[in-house]
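Oh and the sequence shown: position 89 is 92 in my numbering, straight run, nothing missing. In this text, a Cβ means the ideal position worked out from N, Cα and C, and glycines have one as well. Values in this document were obtained by computation on a predicted structure and should not be read as measured data.
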Amino acid sequence: MTRRFYFAAVLLAVWSCGDPVHDTRVDALGGEKSGVPTGPTHRSGQPCLTCHGGQGPADLELSVAGTIYQTAAPDSPPLEGATVTVFDATQLADGGAPRTAVTNAAGNFSFRRTEWAPVYPLHDISVTFPGVAAPTTMHTTVGRDGSCASCHVDPKGPATHGHVYLVLEPADLPGAMP
């Protein structure tokens, strides 16, 4: 009887503590930036699904989300008004229409889980912007996580291409002076 009680107590303790790996990932994000309210424009460039992927702490669950920047420079401003297009495995198989979202003032875009639960892998993810002739397209498949910043982080290095951006140089932006 004592052994069962001990086993049950250990299970209850483990269950009530949550997921320590997830908790560590959330803690590693740090606090909110001063002056930026919680909402669609907060935490640009961070892996959105760490908090919005179903384990919390955010109540709103997202399926795919990220931040788009104007250029490849690490200090690039965010890109507002870009259209992000995403295909999932079902759209490839049946020729269905891709999903699209538009970036906000912080360069953030998202798809709510209640509106779309994509079937992985995701593929042919592109960013289009008025005045830029060709879309920026990532042909690599995404097989595990809908947070762009899980892979696309600064600084650029052997394990990442850096953040997601529209053009390489500021001179390539629409309306830029030559």
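Looking only at P101, V170, T117 and S153, the smallest Cα-Cα distance to S66 is reached by T117. Look at P81 here: in three-state DSSP terms it is strand. Partner residues in the beta bridge of L65, as assigned by DSSP, are R115.
Annotation: G110 to D78 spans about 13 Å, alpha carbon to alpha carbon. In terms of Cβ geometry, P124 and A104 do not form a close pair [threshold 8 Å].
CA-to-CA, the gap between P81 and V87 works out to about 14 Å.
Secondary structure of S47 (DSSP, three-state): coil. Beta-carbon to beta-carbon, I128 and V89 are separated by about 5 Å, close enough to satisfy the 8 Å threshold. Collapsing the DSSP output to three states places A104 in a strand. Annotated three-state conformation of S150 is strand, per DSSP. The residue from G57, Q73 and G33 with its alpha-carbon nearest to that of D175 is Q73. G178 has its alpha-carbon roughly 43 Å from the corresponding atom of H25. T70 and A152 do touch by the CB rule: their CB atoms are close to 7 Å apart, below 8 Å. One alpha carbon belongs to H166, the other to T140, and they sit about 14 Å apart.
In the DSSP secondary-structure assignment, T163 is bridged to G160.
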